[in-house]
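What follows is a single structure, written as structure tokens, with notes after it.
2 protein chains.
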Amino acid sequence: MSNVRTIASRAGVSIATVSRSLNNHPNVDPATRQRVFEAAASVGYSKANSVRHGVSTVIALAYPGDVVRADYGGFESAMLAGILRGVNEHRFDVCVLSLRRDLAPGESYARLLDRKKIAGVILRVFEDNREIAEQLAGTGLPNIVVADRYDAADVNYICCESRVDSRRAVQHLIDLGHRRIALGVHAVRDTDHMDRRNGYEDAFRENGLPLDPTLMHEIVASPEGGAGLITRLMSSSEPPTAIYFTDPMATIGGLRRCLELGIRVPQDLSIVGFDDSDTRRHTYPSFTAVVQDAEMLGFEAARWLTRRLANPGDTALQSLQVVRQTRLEINQTTGRPPADPCRVLPDGTRVQLNSVQVMQGK
Amino acid sequence: MSNVRTIASRAGVSIATVSRSLNNHPNVDPATRQRVFEAAASVGYSKANSVRHGVSTVIALAYPGDVVRADYGGFESAMLAGILRGVNEHRFDVCVLSLRRDLAPGESYARLLDRKKIAGVILRVFEDNREIAEQLAGTGLPNIVVADRYDAADVNYICCESRVDSRRAVQHLIDLGHRRIALGVHAVRDTDHMDRRNGYEDAFRENGLPLDPTLMHEIVASPEGGAGLITRLMSSSEPPTAIYFTDPMATIGGLRRCLELGIRVPQDLSIVGFDDSDTRRHTYPSFTAVVQDAEMLGFEAARWLTRRLANPGDTALQSLQVVRQTRLEINQTTGRPPADPCRVLPDGTRVQLNSVQVMQGK
DNA sequence: CTGATACATTGGAACTGTTCCAACTGTTCC
DNA sequence: GGAACAGTTGGAACAGTTCCAATGTATCAG
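Taken in sequence, the protein lines are chains A and B.
The first sequence lines up with residues 1 to 362 when you count with the working numbering.
The second sequence lines up with residues 1001 to 1362 when you count with the working numbering.
Here you go:
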């Protein structure tokens, strides 16, 4: 089998140098380290699986760069809760890692994770880090991407498809009579972003309605982003009668701004939001939402990964590519468009659109 | 030094048996395992610090039983974000553990953590698990409790004191003219619970006001708990004019129920809530709150623990007992008591208290 | 009661990865 | 030119895990 002695003879160095190289110690010549890395890769060496040294029962939740900042929307914490539940079956532990922080020069991600004795990894990647998943896919380290999807056949993933329900959400608004329907889409270029934008456009296309670029806005996925868009759109000369926010926090901020400005929801403006957990039930009114179950995504990813690690021979567990569906939940923020649409200025002043009548807001 | 050979000769068994015992393998006689545990304890054995086998750079965030369920209030996820930031200085990793899940019969918590090669631990304990912290304090395993405090001198902790600000919050209500001030306190018997209850009682005592048991309620720390208390109190024959919720989620639920029932906040009812992160700014209106910075608690705990591990000789880092203060933030949910107090029935019907006049809610 | 069988428990030995320490190399400085 | 030094490397010692064979114990059929 492959061990440090094998690698040493292949690379033409001592076992001490192999150990130092693999553990990222100082005082190893970079060229030597490179030779060791190559020798280790050529024999498929894995420390975490080293039989004689305690097989690792730790999986990682790995973020490319800085680990989760404040997680207002609750996606990360709901997913983590799911992961922690999913590892119980085979009693694995979960380690939260930042890949970029500890990557040594010339080191591959697989080697970094092996150095930390991680048996498998749940990857949380973003638009500019998709190559991490593709790089790991080629190695022997079991891994799965959560909440993103890939065309490559060798990348494992579990995600939610939100295009269909985004289309349904907008169709729901069209059915209620809305025509001026705005989009507030989060400005992260991932599959989620594209799904929701595409779903919005699908609904317009299917109903023969023209897309209006002045109604489609990229915003920061935060309460401030949602609030800002409400203020901007509702004070414009031709405000929308409905809006679809593709992010929970933007939805909360938008709804809150409506209450501040005296915009009645849904009498003056209908809102469809997005939810990763239970946020929609904590606002007043409860918001109609496209709902994604982040806890389930984490749970299924962790259960598959740990089952695969516990049953290395089971071919049925070799790969996983799962696309779950979101669901559309109709709550209290969607209704018929107003008979007498109005603008609402940033100070709360209502401007009737079909007359010169002006009255003080709320 | 202490190693498996030392333990083996002390316990009168082979090194193989020592290894099996310490790693919780099956097929070891319980009595033998017990002898090994005792021998290991008597020589102060630690695998995580075993020099010849790679010093561990993993700390654990340990929960006594099931790890965090859904973390709506955001305390756990804010704290975790702080921990992940706090370990960066010395490049430690964080593993999330459930202590009870993996504890073998007869095994101590220190041994369990050592078996998992955990160098230090941040403990999240609850009312019925305080003995875990006390047990760990006596061992060589560096540890710190977050968000709870102890009289014992050998327990490290970092927490927030909320009694003073709870008193201030109620004083703020009294200053505004309120006298019938209700308390909705979460039903977990920890120091937080006692702090907030005591602060409430302090304010009453200092102002010579009698405590009214019918206004003091233990509730579940959830939106439903808060909503239920609003419904119950506001429909009673003598409703309060203000209420202090000691938990973020109860506050959100209570505020939401007020909007549902047409209870105007703060015109009909003043609300002081509690916040662990930024929740108070996401509701409408923003709620006045006693604020605790969970992210900071996690950050400081992790930074101290990893500094201590990185500098074993530094006596200044040997122990830490820190009590931070919450702060009182006045926002939009507190005002003068209503001139014409009213009851609001569960269906939203308003009942004027000083007359027989009845009108439909909202 | 006896022998066969299965099972649990244990120790010796082999094995794996890490680190200490000494040696070697090339460079700098006097 | 030689001493001092830093960087790099290998041999050997070491620590912890597991394989495998041996031993002890319980069960059960005859």
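We treat Cβ as the ideally placed atom computed from N, Cα and C, and that holds for glycine.
- Please name the residue, chosen from B/S1046, B/R1343 and B/Y1244, that lies closest to B/N1112 on a Cα-to-Cα basis. Per the sequence shown, the amino acid found at residue 1112 of chain B is Leu instead of Asn. Selected option, being the one with the closest Cα: B/S1046.
- What is the residue span of the beta strand (DSSP E) that A/Y375 lies within? Residue 375 of chain A lies beyond the stretch modelled for chain A, which goes from 1 to 362, so this question has no answer here.
- Query: For A/A153, does the count of other Cβ atoms within 10 angstroms reach 16, so buried, or fall short, so exposed?
  - Reply: exposed
- Message: Counting only Cβ pairs nearer than 8 Å, list the residues of chain B close to A/P223.
- Response: R1281 and H1282
- Message: What does the alpha-carbon distance come out to for the pair B/V1351 and B/E1238?
- Response: 11 Å
- Kindly give me the distance between the Cβ atoms of B/S1021 and B/F1037, rounded to whole angstroms, as I take these residues to be in contact under 8 Å. 7 Å
- Check distances from the C-beta atoms of the region 124 to 149 of chain A to those of chain B and list, in chain order, the residues that come in under 8 Å. none
- Can you find at least 3 beta carbon pairs, one from the region 280 to 295 of chain A and one from the region 203 to 212 of chain A, that sit closer than 8 Å? no
- Item | Nearest residue (CA-CA) to B/V1121, options B/P1337, B/D1066, B/E1329 and B/A1301 | B/A1301
- Query: In three-state terms, what does DSSP make of B/R1005?
  - Reply: helix
- Boundaries (first-last residue) of the beta strand (DSSP E) holding A/A274: Reading the sequence as shown, one finds Phe at residue 274 of chain A and not Ala. It spans S270 to D275 - the beta strand (DSSP E) in which A/F274 sits, taken as one unbroken run.
- Task: Flag A/S77 as yes if its beta-carbon sits less than 9 Å from any beta-carbon of chain B, otherwise no.
- Result: yes
- Item | Backbone secondary structure at B/H1178 - three-state DSSP | coil
- Task: Could you tell me which of B/G1228, B/A1048 and B/A1016 sits nearest to B/R1033, measuring between CA atoms?
- Result: B/A1016
- Item | Three-state secondary structure assigned by DSSP to B/S1077 | helix
- Are there three or more Cβ pairs, one per stretch, closer than 8 Å when the region 1083 to 1090 of chain B is compared with the region 1322 to 1329 of chain B? no
- Query: Around the Cβ of B/L1261, are there at least 16 other Cβ atoms within 10 angstroms (buried) or fewer (exposed)?
  - Reply: buried
- Three-way DSSP call (helix, strand, coil) for B/Y1109 in this model: helix
- Just tell me which of B/I1174, B/L1209 and B/S1222 has its CA closest to the CA of B/H1186. B/S1222
- Hey, how far is the Cα of B/A1008 from the Cα of A/F126? 51 Å
- Query: Can the beta-carbon of A/L97 be found closer than 9 Å to that of B/S1077?
  - Reply: no
- Query: Between which two residues does the beta strand (DSSP E) carrying B/D1192 extend?
  - Reply: Per DSSP, B/D1192 belongs to no beta strand (DSSP E); it is in the alpha helix (DSSP H), T1191 to E1206.
- A/N129 to B/H1193 span [Cα, whole Å]: 44 Å
- Please classify A/T241: is it buried, with 16 or more other beta-carbons within 10 angstroms of its beta-carbon, or exposed? buried
- DSSP state of B/E1295, grouped into three classes? helix
- Can you give me the Cβ contacts of A/A169 inside the same chain, cut-off strictly under 7 Å, excluding the 5 residues immediately before and after it? Y244, V272, V290 and L328
- Message: Given this structure, state the Cα-to-Cα distance separating B/R962 from B/G1044, to the nearest angstrom.
- Response: Chain B is shown from 1001 up to 1362; residue 962 of chain B falls before or after that span and cannot be answered.
- Message: Would B/G1184 and B/G1138 qualify as a contact pair, given that the criterion is a beta-carbon distance under 9 Å?
- Response: no
- Given a threshold of 16 other Cβ atoms within 10 Å of its Cβ, counted over all protein chains shown, does B/H1025 qualify as buried or as exposed? exposed
- Message: Spatial neighbours of A/F92 within its chain, please: C-beta separation below 6 Å, excluding the five flanking residues on both sides.
- Response: T57, I59 and T306
- Message: Distance check for A/A250 and A/L215, CA to CA, integer angstroms please.
- Response: 16 Å
- When you compare only the Cα positions, how much space is there between B/G1335 and B/I1263? 14 Å
- Query: What does DSSP give as the partner residues of A/G228 in its beta bridges?
  - Reply: Paired residues: none, contrary to the question.
- Residue of A/T349, A/N23 and A/V265 minimising C-alpha distance to A/P395: Shown here, chain A extends from 1 to 362; a query on residue 395 of chain A therefore has no answer.
- Query: Do the CB positions of A/I144 and A/A48 come within less than 9 Å of each other?
  - Reply: no
- How many angstroms separate the CA atom of B/I1181 from the CA atom of B/D1268? 13 Å
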